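Here's the structure, in structure tokens; my notes come after.
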Amino acid sequence: MAVLKWWETAIIYQIYPRSFQDSNGDGIGDLPGITSRLEYIANLGVDAIWISPFYPSPQKDFGYDVSDYCGVHLEYGTMNDFDALITTAHELGLKVMIDIVPAHCSDMHPWFVESRQSRDNPKSDWFHWVDPQPDGSAPTNWLSFFGGQAWTWEPRRQQYYLHNFLPSQPNLNHANSAVGEAICDVARFWFDLGVDGFRMDAVHTINADRAPYRNNLAKPDFELGDLPQEQQPFFRQLHDSGQLNQPAIQTFIEKFRKVADSYSGDRFLMGELHGDDPTLASETFTAPGRLHATYNFSLLEWGGLDVDGLKSAISAAIGRFNGSGRLSFAFSNHDVPRSATRQLAPLGLSEDDQEAMQLLLLKLEASLIGSTCVYQGEELALSDVQDIPISQMQDPWGIEFAPLFLGRDTCRTPMVWKKAKNNWSGFSEASQTWLPIAEKHIQRSGIDEAARPGSVYDQFSKFLAWRAQQPAMVQANSMTEIKGGPKQIIFDRISDQQKLRFCFDFETLTTSVTEV
Ligand code: GLC
Ligand code: CA
């Protein structure tokens, strides 16, 4: 009987710490808050949690701007709180994955503070510094994901530095192997504390190559239009000029994998990545000796009820990765509108049908090969909060492009736990929380839904309990091609001992499984 490693079939519950549970009444979620809710997560029947960054950080990008890789941000608690969290999680049978951000850090990180001072300090080569062009302009036309140029001028060095995200998130220079070594030390620090794996942030944006620099070309189907270069959105450019997915990244990745392999207990590395051809990039990043798996974006991008689009996204992934756990599917996360909004809202479904559809999507993702990431609140069928006033918006990306684009606050509002009045639905005792809590979410509060027979939480947890007992689901990672009519997704999951036929029907909003 084939035995798979835990991560090859894991259901991973993603926690956004700022919005999960506040324990000290400041309106901001924290680590003790997470610990107090671990039972709710374990009862759902998932295998692991992934906690988005909780490290010391100026919070310009809510933790993805790290100023100390080996600590806990003051608002989130202490290292003792982290110890308590991991101990409790392990007691409950949950693996613990945390985020690591290897591509960039905060401009307040001591490495950058030192590096920017001069061209000859000990950290001078730890970031991607480049001389201006003869006319003083930036080395290339590269844009940052969050808008504007990917280069910022540093008068002290009379050079530009690269940042694929905010100017306050300078790219580390992985061409200098000391940088990769330092990030490997960070991994050792957390592995020593018992962490079971890392979700590795934006690995395609790691920078490890130097000149020659080339400009990005505009996407063929986009005109760069009249907007000045610095206001162009990132997604209007092709990125094969060297800005993303540089081959030299793999030297670091291979080194990092060796660190994970030097620990017992199957430590797991899952990379978040993208590219003009994301499936190809996933293949490169998960070649032997590299990452175990990558995070598959195709379902995250699929909008509206396009069953055909969904089928082809799944087929493309299976075409390359069938038989392996090298990819992780997700419908929602902290960066995109929740599936309930992105995919289901346009259908104008009734509340009941909306729940049925959310359950169908959850079961679908948990039935595919590889691991699955469920984002906090997905088990409650939460939808996005789209009426946050601009004055209360927090996401720098959203603020940059509002009101054209609502940004990422809409999927990051605090969790709801209890229908009780006066205490902000169990999230916090504070009268104001860091993002507003949605009135509409209170009807779907976690503790109430977990106790309500027939709720999405209840049905999904039963499904996960069943799944854990099926050889075809947990002893092999193979499935047949997708079949079915225009509103159906039908496939078999197969192991030596069992063959299960799944039918997801988007017309009747039902799922059926039969042993064949
Ligand atoms: C990843 C994170 C996102 C963050 C970005 C920069 O895409 O998921 O939240 O803003 O990386 O670190
Ligand atoms: Ca708090």
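Under this note's numbering, the first residue of the sequence shown carries the number 603, and numbering increases by one thereafter.
Positions of the beta carbon are idealized from the N, C-alpha and C atoms, including for glycine.
Since this is a predicted model, take the numbers as computed values, not measurements.
Can you grab the Cα-Cα spacing for the pair residue i / residue j, in whole Å?
i     : j     : result
A942  : L840  : 30 Å
R944  : D722  : 49 Å
V674  : S843  : 37 Å
G972  : C672  : 30 Å
I1001 : G749  : 11 Å
E1041 : L871  : 37 Å
M603  : G635  : No answer about M603 holds up, because its pLDDT of 49 lies below 50 and its placement is not dependable.
K1085 : A612  : 25 Å
A950  : D1107 : In the sequence under discussion, the amino acid at residue 950 is Gly, which differs from the Ala named in the question. Taking the straight line from one Cα to the other gives about 18 Å.
D545  : S969  : Past the boundaries of the shown model lies residue 545; the chain is included only from 603 to 1118, so the question cannot be answered.
S779  : F854  : 8 Å
V1115 : F933  : 21 Å
R1014 : L1037 : 8 Å
K607  : T742  : 44 Å
D663  : I651  : 21 Å
F747  : D989  : 24 Å
F1093 : D649  : 24 Å
L640  : A691  : 7 Å
L907  : I630  : 34 Å
L633  : P619  : 7 Å
W792  : T689  : 14 Å
A850  : M1081 : 34 Å
S717  : A777  : 15 Å
F714  : S708  : 8 Å
R922  : I1096 : 17 Å
E1031 : G695  : 30 Å
E980  : A784  : 36 Å
Q760  : S739  : 11 Å
A804  : D1011 : 19 Å
F1104 : M1075 : 11 Å
Thinking residue i and residue j are a contact (beta carbons under 8 Å), I'd like their distance in whole angstroms, please.
i     : j     : result
L984  : H1043 : 6 Å
I617  : S654  : 7 Å
M1017 : S621  : 6 Å
G1009 : W1019 : The pair is not a contact, with the Cβ atoms about 25 Å apart (cut-off 8 Å).
L802  : I702  : This sequence places Met at residue 802; Leu is not what is there. Right, the Cβ-Cβ distance comes to about 6 Å (below 8 Å), so this counts as a contact.
S1063 : N645  : 7 Å
E1117 : L1102 : 6 Å
L768  : D670  : Wrong, their Cβ atoms sit about 18 Å apart, outside the cutoff.
Q960  : V1058 : 6 Å
N773  : A705  : 6 Å
N847  : A883  : 5 Å
L912  : I1091 : 7 Å
F858  : C786  : 6 Å
F656  : G647  : Not quite, the Cβ-Cβ distance comes to about 25 Å (not below 8 Å), so this is no contact.
A1052 : Y642  : 6 Å
S726  : R758  : Contact flag wrong, Cβ pair sits at about 11 Å.
With which residues is residue i paired in a DSSP beta bridge?
i     : result
M802  : I702 and G873
E1117 : L1102
W652  : Q616 and M699
C975  : I614 and A932
Q839  : A820
D879  : According to DSSP, which records beta bridges pairwise, D879 is partnered with nothing at all.
F729  : L774
Q761  : E756
N809  : N775
M1081 : R1095
L745  : Q751
T690  : According to DSSP, T690 bridges with nothing at all.
T896  : G873 and L929
Q1090 : D1107
T1112 : D1107
Beta carbon of residue i: closer than 7 Å to some heavy atom of ligand 4?
i    : result
L946 : What this structure holds is ligand 1 and ligand 2, not ligand 4.
With 8 Å as the threshold, decide whether the Cβ of residue i is near any Cβ in chain B.
i    : result
Q761 : No chain B appears in the structure shown, which is made up of a single protein chain.
Quiz prompt | Sufficient close CB pairs (3 or more, under 8 Å) joining the stretch 895-908 to the stretch 923-930 | solution = Touching, per the Cβ criterion.
Quiz prompt | Three CB pairs or more closer than 8 Å across the stretch 810-817 and the stretch 678-689 | solution = Touching, no.
Quiz item: Below 8 Å, can you find three or more Cβ-Cβ pairs linking the stretch 718-735 to the stretch 757-768?
Solution: Touching, per the Cβ criterion.
Quiz item: Taking a cut-off of 5 Å, which residues have a beta-carbon closer than that to any heavy atom of ligand 2, in chain order?
Solution: After applying the 5 Å Cβ criterion, the set is D624, N626, D628, I630 and D632.
Quiz item: What residues does ligand 1 have around it, judged by CB closer than 5 Å to any heavy atom, in chain order?
Solution: Here the list is D663, Y666, F767, D803, A804 and D937.
Quiz item: Does the pairing of the stretch 681-701 with the stretch 785-802 give three or more beta-carbon distances under 8 Å?
Solution: Of all C-beta pairs linking the stretch 681-701 to the stretch 785-802, three or more are shorter than 8 Å, placing the two stretches in contact.
Quiz prompt | At least three beta-carbon pairs within less than 8 Å, the stretch 872-881 to the stretch 904-917 | solution = Contact fails between the stretch 872-881 and the stretch 904-917, because fewer than three Cβ pairs, one in each stretch, are under 8 Å apart.
Quiz item: Would you say the stretch 961-968 touches the stretch 1065-1073, given that touching needs at least three Cβ pairs under 8 Å?
Solution: Contact holds: three or more Cβ-Cβ distances are below 8 Å.
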